[in-house]
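What follows is one structure encoded as structure tokens, with my remarks underneath.
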Amino acid sequence: MDNETVYNPSSIEKKWYQYWLDHNLFSSTPDNRPPYTIVIPPPNVTGVLHMGHMLNNTIQDILVRRARLLGYNACWVPGTDHASIATEAKVVARLAEQGISKNSLSREEFLEHAWQWTREHGGIILEQLKRLGASCDWKRTAFTLDEERSKEVVKVFCELFNSGLIYRGIRIVNWDPKAKTALSDEEVIHQEAQSHLYYLKYNIEGSEQFLTIATTRPETIMGDTAICVHPEDERYQAFVGKKAIIPIVGRAIPIIADTYIDREFGTGCLKVTPAHDVNDYLLGQTHQLETIDILNDDGTLNELGGIYAGMDRFEVREKIAQDLKEKGLLIKVEDYVNKVGYSERTHVPIEPKLSMQWFLKMEDIARPALEAVEKDEIALIPSKFKNTYRHWMENVKDWCISRQLWWGHRIPAYYLPDGSFVVAPSEEEALEKARSLSGNSQLQKEDLRAEEDCLDTWFSSWLWPMSVFGDITDSDNKDLNYYYPTNTLVTAPDILFFWVARMIIAGYRYRGERPFKDVYLTGIVRDALGRKMSKTLGNSPNPLDLIDNYGADGVRVGLMMATSAGNDLLYEEALLEQGRNFCNKIWNSFRLIKTWQVDAQHSSPEESRIAIDWFAHRLSEAVAEIDDLMEKYRISEAVTVAYKLFRDDFSAFYLEAIKPAYGAPIDGVTLEKTILFFEDLLRILHPFMPFITEELWHELRERPEGSSIMYSSYPQKIELNASLLKTVAIAREVITQVRNIRTMHNIPRQELLDIYVQEIEHSEADSLIMKLARASVQRGKSAPEGVSSASFIVGTVSYAVPIEAFIDKDAVRQKLEADLKHQEGFLMGVRKKLSNEKFVNNAPQDVVAIERKKEADALSRIETIKKQLSTL
1 MDNETVYNPS SIEKKWYQYW LDHNLFSSTP DNRPPYTIVI PPPNVTGVLH
51 MGHMLNNTIQ DILVRRARLL GYNACWVPGT DHASIATEAK VVARLAEQGI
101 SKNSLSREEF LEHAWQWTRE HGGIILEQLK RLGASCDWKR TAFTLDEERS
151 KEVVKVFCEL FNSGLIYRGI RIVNWDPKAK TALSDEEVIH QEAQSHLYYL
201 KYNIEGSEQF LTIATTRPET IMGDTAICVH PEDERYQAFV GKKAIIPIVG
251 RAIPIIADTY IDREFGTGCL KVTPAHDVND YLLGQTHQLE TIDILNDDGT
301 LNELGGIYAG MDRFEVREKI AQDLKEKGLL IKVEDYVNKV GYSERTHVPI
351 EPKLSMQWFL KMEDIARPAL EAVEKDEIAL IPSKFKNTYR HWMENVKDWC
401 ISRQLWWGHR IPAYYLPDGS FVVAPSEEEA LEKARSLSGN SQLQKEDLRA
451 EEDCLDTWFS SWLWPMSVFG DITDSDNKDL NYYYPTNTLV TAPDILFFWV
501 ARMIIAGYRY RGERPFKDVY LTGIVRDALG RKMSKTLGNS PNPLDLIDNY
551 GADGVRVGLM MATSAGNDLL YEEALLEQGR NFCNKIWNSF RLIKTWQVDA
601 QHSSPEESRI AIDWFAHRLS EAVAEIDDLM EKYRISEAVT VAYKLFRDDF
651 SAFYLEAIKP AYGAPIDGVT LEKTILFFED LLRILHPFMP FITEELWHEL
701 RERPEGSSIM YSSYPQKIEL NASLLKTVAI AREVITQVRN IRTMHNIPRQ
751 ELLDIYVQEI EHSEADSLIM KLARASVQRG KSAPEGVSSA SFIVGTVSYA
801 VPIEAFIDKD AVRQKLEADL KHQEGFLMGV RKKLSNEKFV NNAPQDVVAI
851 ERKKEADALS RIETIKKQLS TL
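Residue numbers (UniProt numbering): 1 to 872.
In structure tokens:
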């Protein structure tokens, strides 16, 4: 520790983080203590630290460090997610820079490149989290695609398939043309888009008549297989059963009737394209329509697109509209605002596409997960998300779990030469099953073709709270039996369904119990204008730069004082400055204490004894308040209580109350009590500010090597002395008022003042008033008559301080007279407005009421000034 007046966090943070690592202070193994477990929401292996990570992981670290102090065996499990779509896209882009196409590589060759990428980038974000102070058990670091997790994913897939819950079939799926893979419904973000409504002319076969169809997607007409109208729509009843000709294409399609049709939309006629719209697909199933898929995987039209084959879907939209217009088949085009689905990963518009995929039946296995939240076995914090969760779970759809990617968990299915397939955890078991299924004992591994598709990334992370501890179905798994279920999940609301709901589903299916007790849903970090922070907008600071500038503790405190569960955080740099300044306050308070010399013969003065007694109760009161707030996950409020306890109660008041005169010694009892209080304050602050509290903890006393504040005991609560707390609270207000009087009248600190008060109660803290306000309290007495006094009220009690000997009456008179003149002029203006009948009669009542209030206030102030002048 040096004598710098400003806290310099850089060297201290590096020193203590390495110390924690060297002594394995974050590691956890099962023992006889109660466990407290958090699993990290695994960031993408491709990721780097951003403001959302900073907020989320600060909250997790606060909870874990606090749990340690409370005596729990705390375990925070870190890890990363293999992020199939995002990582594969990164690898494909890097290969392209090297002039290598993914299609030119075998699967094994591509995966070598992907693993190389992961080795280069996979640990970056976890290393960055260490700068923040994250106290994860790094020896437990998991990766969703590592051997242990992969084994569990395959096991679960096989179990669900054998239970009849996983099936393979051709369905309309959300197709991402950029990533060239299917997406689940939850991976589609619906956004408003400025589109057009194209009105097309479909001629009736063998007739001069035609139907007008309104569509936003004229590029799909090659896939039309019917026109549908409402059976009760009198305009079109005569056309049902006839055929219409698709414009440009020239193919005849049937006109059908179905109550699905919205008669109010467009013209009330709908073109039915079963291969490229979910609802059209269902109509096609009902009416046994042909299904024509006109799109390639990359969003271009295939050979069924006719003259438009090979063109991009949006290019075709422009071209076909022009061609239809030239042929007189485009009646009109209108501007139209509609919802368009975008890929959550690649941000391109998705295509509904008919595709062979693997699905997981969700309705039955989702039921326990819905009941768990409904019955509050699992608490969503804030509870406002409960309704959102319920709506999704009550309307849950089958989960498309296959992805057309190479980077990920390969689906453990194997196809036989005849097209049938078996599901097994290994090639060897698949071969046995295939021989049994086919009745051909001569089948060899080479005869089987492994499934090309991978599993949705979420299919691995939904097992995360269990799979991080190994075999999820092993009843003798010591770690899983001890640490599961976990305690708190801290995550963002936007993955409530992607991840949270699915983890709950998996938890009840494979362990028969909830995966966590509480789900703390953070808000989004936004800039001062309310915009979500992003690299694109350039409004997101580099978190590591912030740590360099303000220190990890300053950043943590600044963020936490401005956030609450479920509410967005409006980021301002001033928040971090406040955090850094608080570090300096703690630092300099410590330096002050260390300058005091002890005189063993010196006894504690009365004001020190009272201050010590009071602070013991004030600290206990604050601990109870913080405990309550933390129990309710009102972390921002808890930080604020701790902040004010140190800054206002301890530093600004207690230390001033016990501080010896300049150059004088302090008694040993007071100093020891003060150091004990400081230790308690450091314990309270440690979860929020781990680095500076560890540093000062070791500076206060000699500690054994390997010891840490994080394993000391949290301050114990005592029975509060409410009377003492009230007495000192009154004394503090009196001190503040007297100091204000000194400032207002330029009364030097060395001048002793008298305070007259009729009340005789609450005298126990008068010695504090004497020391800190340099004023003697005259209880049960009135101020001398005829002497100028400054008065104030605390609660309902009046206090008077004679100041006549210290004031310049002429200067005060001039100031009061100037104020009186100003108030009288102000009153005149207000009364002029109120004398205007037009204003009084026509202005809103509340506006008139404000003016009358101004009049009353001015009259009151004028009366007060005149009374003050009469005493001079």
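Ideal Cβ positions, reconstructed from N, Cα and C, are used throughout, including at glycine.
- In chain order, I612 place their CB closer than 6 Å to the CB of K673, counting only its own chain and leaving out the 5 sequence neighbours on each side.
- Secondary structure at H196: strand, using DSSP grouped into helix, strand and coil.
- A275 sits away from E205, with the two beta carbons spaced by 7 Å or more.
- In the assembly as shown, S620 is a buried residue. Its beta-carbon has 16 or more other beta-carbons within 10 Å.
- The beta carbon of I365 sits closer than 7 Å to those of L165, I505 and R509, all from its chain and outside the five residues before and after it, given in chain order.
- Under DSSP, Y756 forms a beta bridge with Q778 and A800.
- Counted as a single uninterrupted DSSP element, the alpha helix (DSSP H) harbouring M393 occupies residues F385 to E394.
- Counting the other Cβ atoms within 10 Å of the Cβ of T488 gives 16 or more, which makes it buried.
- Three or more beta-carbon pairs separated by less than 8 Å are not found between the stretch 429 to 442 and the stretch 392 to 405, which leaves the two stretches without contact.
- DSSP places A74 in no alpha helix (DSSP H) but in the uninterrupted beta strand (DSSP E) bounded by N73 to V77.
- The distance from the Cβ of I610 to that of L816 is about 39 Å, inconsistent with a contact at the 8 Å cut-off.
- In the same chain as V639, and ignoring 5 residues on each side of it, the C-beta atoms closer than 7 Å to its own belong to V557, M560, M561 and F688, in chain order.
- For K155, the secondary structure class from DSSP, reduced to helix, strand or coil, is helix.
- With fewer than three CB-CB distances shorter than 8 Å, the stretch 231 to 244 does not count as touching the stretch 275 to 288.
- For M356, the pairing in a beta bridge is given by DSSP as I170.
- Collapsing the DSSP output to three states places P465 in a helix.
- A distance below 7 Å separates the beta carbons of I189 and E344.
- Taking C-beta atoms under 8 Å as the contact rule, E699 and F590 qualify, at a distance of about 7 Å.
- At a Cβ-Cβ threshold of 7 Å, G538 and G579 do not count as neighbours.
- In the DSSP assignment, K243 is bridged to P254.
- The DSSP-derived three-state label of G341 is strand.
- Taking C-beta atoms as the reference points, A114 and V77 fail to come closer than 7 Å.
- When beta bridges are read from the DSSP output, I189 appears opposite Y342.
- Bridge pairing for P690: absent [DSSP].
- Of the candidates V64, A244, I85 and N24, the residue whose Cα lies closest to the Cα of V45 is I85.
- One alpha carbon belongs to Y520, the other to Q60, and they sit about 10 Å apart.
- In the structure shown, the three-state DSSP call for S207 is coil.
- Within the DSSP secondary-structure output, S789 pairs in a beta bridge with P802.
- For P665, there is no enclosing alpha helix (DSSP H), as DSSP gives it neither H nor E.
- Of the residues assessed, R749 falls on the exposed side of the cut-off, its CB having fewer than 16 other CB atoms within 10 angstroms.
- Within the same chain, L165 and D398 come within 6 Å of K361 by CB-CB distance, once the 5 residues on both sides are set aside.
- Beta-carbon to beta-carbon, L463 and V156 are separated by about 6 Å, close enough to satisfy the 8 Å threshold.
- T80 sits away from G52, with the two beta carbons spaced by 7 Å or more.
- Residue range S84 to E97 is occupied by the alpha helix (DSSP H) that includes L95.
- By the neighbour-count definition (other C-beta atoms within 10 Å, threshold 16), P34 is an exposed residue.
- Check the Cα spacing between E572 and each of D447, G530 and I172: the tightest is with G530.
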